[in-house]
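Participant:
Numbering (the numbering used here), first residue to last: 4 to 147.
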């Protein structure tokens, strides 16, 4: 039985090592992959917090491409999420503002960078419209 445990343990470690071995140079994934995974987890947490909201969840210019099958398995309501891809956004501040002003939109998440002035104005507008607003920036990722 001890031998079986060792084999299972080493097999588990081998699979874990293969899972982590995403770069060609070693067993630790590159920093960009770790940041991408953290961003996706952060986004997933926010979506789970708001999955019961009555209205649209608008995802603007995310830095990661969501995996629909994974999100569906996490019980994220894909039918309530409107995604605006980065290449569709010409002016991030205006796009976020339009989403906040939409009566049917209750949550806005964006992956782009805003100036401090734009961020303040949009936060005030979101509060006035009773819309949850979340910037998905690298600064937030580093906090987690």
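Every residue gets a Cβ at the ideal spot worked out from N, C-alpha and C, and that includes glycine.
Bear in mind the structure is a predicted one, so any value in this text is a computation, not a measurement.
Would you call the region 89-109 in contact with the region 46-61, where contact means no fewer than 3 C-beta pairs closer than 8 Å?
Facilitator: With a cut-off of 8 Å, the region 46-61 and the region 89-109 count as touching, because enough Cβ pairs lie within range.
Participant: Just to confirm my understanding: we take residue 46, look at its own chain, exclude 5 residues before and 5 after, and list those with CB closer than 8 Å. What are they?
Facilitator: Mapped onto the chain shown, residue 46 falls at position 43. Cβ within range, chain order: 62, 65, 67, 69, 112, 139.
Participant: In angstroms with no decimal places, state the Cα-to-Cα distance between residue 73 and residue 79.
Facilitator: On the chain shown, position 70 is the one that residue 73 refers to. On the chain shown, position 76 is the one that residue 79 refers to. Straight-line Cα distance between these residues: approximately 9 Å.
Participant: If distances are taken between C-alpha atoms only, which option among 81, 123, 83, 98 comes closest to residue 89?
Facilitator: As a working mapping, residue 89 is identified with position 86 in the chain shown. Per the Cα distances, 98.
Participant: Would you please state the rounded distance, in angstroms, between the beta carbons of residue 123 and residue 103? I believe it to be under 8 Å.
Facilitator: On the chain shown, position 120 is the one that residue 123 refers to. On the chain shown, position 100 is the one that residue 103 refers to. Actually they do not touch by this definition, with Cβ atoms about 13 Å apart.
Participant: Can you grab the Cα-Cα spacing for the pair residue 59 / residue 49, in whole Å?
Facilitator: Here residue 59 refers to the residue found at position 56 of the chain shown. Here residue 49 refers to the residue found at position 46 of the chain shown. If I take the Cα positions, the gap works out to 14 Å.
Participant: My output table needs one value for residue 139: the three-state DSSP class, helix, strand or coil.
Facilitator: As a working note, residue 139 is residue 136 in the chain shown. Reduced to three states, the DSSP call for residue 139 is coil.
Participant: Under 8 Å, do residue 81 and residue 117 count as touching if we go by C-beta distance?
Facilitator: For this step, residue 81 is matched to residue 78 along the chain shown. For this step, residue 117 is matched to residue 114 along the chain shown. No, the pair does not count as a contact, with Cβ atoms beyond the cut-off.
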